[in-house]
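K.L.:
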Amino acid sequence: MKLAKKTLLSALLLLGSVSAMAAPHLTPQQCNDYPFKPLKGEVTHKQLMRELGELEAVGYQPSNDDDDYPGDLEQAEHKLRAEYRADCMPATPHVSASNAQAPAGAAPVQAANQPAG
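In mature numbering (1 follows the signal peptide of the UniProt record, and there is no 0), the protein residues as written are -22 to -1, 1 to 95.
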């Protein structure tokens, strides 16, 4: 009897883990809270501190004698955008230019630096 309970509990935990992994990484509200998303009102001190915290979490270190500014800030923003794409953007299949097909009836496209004819 104890074995059946343990097996059932393990199966439920496994099922819960699988469904959590299949769910989107963040909720829509969490995705809207990324620092580079346009705000709909005045910026609050809390929002500024959250943005600074997120930038510091990806490696930005603000200081008074920063010779790398704004490059290090831009690098941290780039990392945050990559996290946003991974967490909030739906996965799209990659289609290379060689595999892309024109719709039926569309004129063939020529390379820009090749003469026509």
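Backbone N, C-alpha and C fix where the C-beta goes; we use that ideal spot for every residue, glycine too.
Would you say the stretch 4 to 13 touches the stretch 61 to 69, given that touching needs at least three Cβ pairs under 8 Å?
P.N.:
The answer is yes - the stretch 61 to 69 touches the stretch 4 to 13, with three or more Cβ pairs under 8 Å.
K.L.:
Does DSSP classify Gln39 as helix, strand or coil?
P.N.:
Locating residue 39 in the sequence shown gives position 61, counting from the first residue. Residue state, collapsed to three classes: coil.
K.L.:
Would you report the Cα separation of Ala(-1) and Arg59, rounded to the nearest angstrom?
P.N.:
Against the sequence shown, residue -1 aligns to sequence position 22. Against the sequence shown, residue 59 aligns to sequence position 81. With a pLDDT of only 48 at Ala(-1), under 50, the local geometry of the prediction cannot be trusted, and the value read off the model is given with reservation. Each residue's Cα considered, the two are about 22 Å apart.
K.L.:
Closest by CA to Ala54, which one among Gln39, Gly19 and Glu20?
P.N.:
The sequence position of residue 54 within the sequence shown is 76, counting from 1. Of the candidates Gln39, Gly19 and Glu20, the one whose C-alpha sits nearest the C-alpha of Ala54 is Gln39.
K.L.:
Kindly list the residues whose CB is nearer than 8 Å to the CB of Val36, restricted to its own chain and excluding five residues on each side of it in sequence; keep chain order.
P.N.:
Residue 36 sits at position 58 when you count from the first residue of the sequence shown. Once the five neighbours on either side are set aside, the close Cβ partners of Val36 are Ala54, Lys57, Leu58 and Glu61.
K.L.:
Count the other CB atoms within 10 Å of the CB of Glu52; is the residue buried (16 or more) or exposed (fewer)?
P.N.:
For the purposes of this step, residue 52 is identified with residue 74 of the sequence shown, where counting begins at 1. Under this definition Glu52 is an exposed residue.
K.L.:
Which residue marks the beginning of the alpha helix (DSSP H) containing Glu55, and which one marks its end?
P.N.:
By one-based count along the sequence shown, residue 55 stands at place 77. Gly49 to Cys66 is the extent of the alpha helix (DSSP H) around Glu55.
K.L.:
Got a sec? Which residues, its chain only, sit under 6 Å from Leu33 by beta carbon, not counting five neighbours each side?
P.N.:
What you label residue 33 is simply residue 55 of the sequence shown in a count that begins at 1. For Leu33, where only same-chain residues beyond five positions count, the Cβ hits under 6 Å are Ala54.
K.L.:
My guess is that Asp50 and Asp44 are in contact by the Cβ rule of under 8 Å, so how many angstroms apart are they, rounded?
P.N.:
On the sequence shown, position 72 is the one that residue 50 refers to. On the sequence shown, position 66 is the one that residue 44 refers to. Sure, about 7 Å apart at Cβ, within 8 Å.
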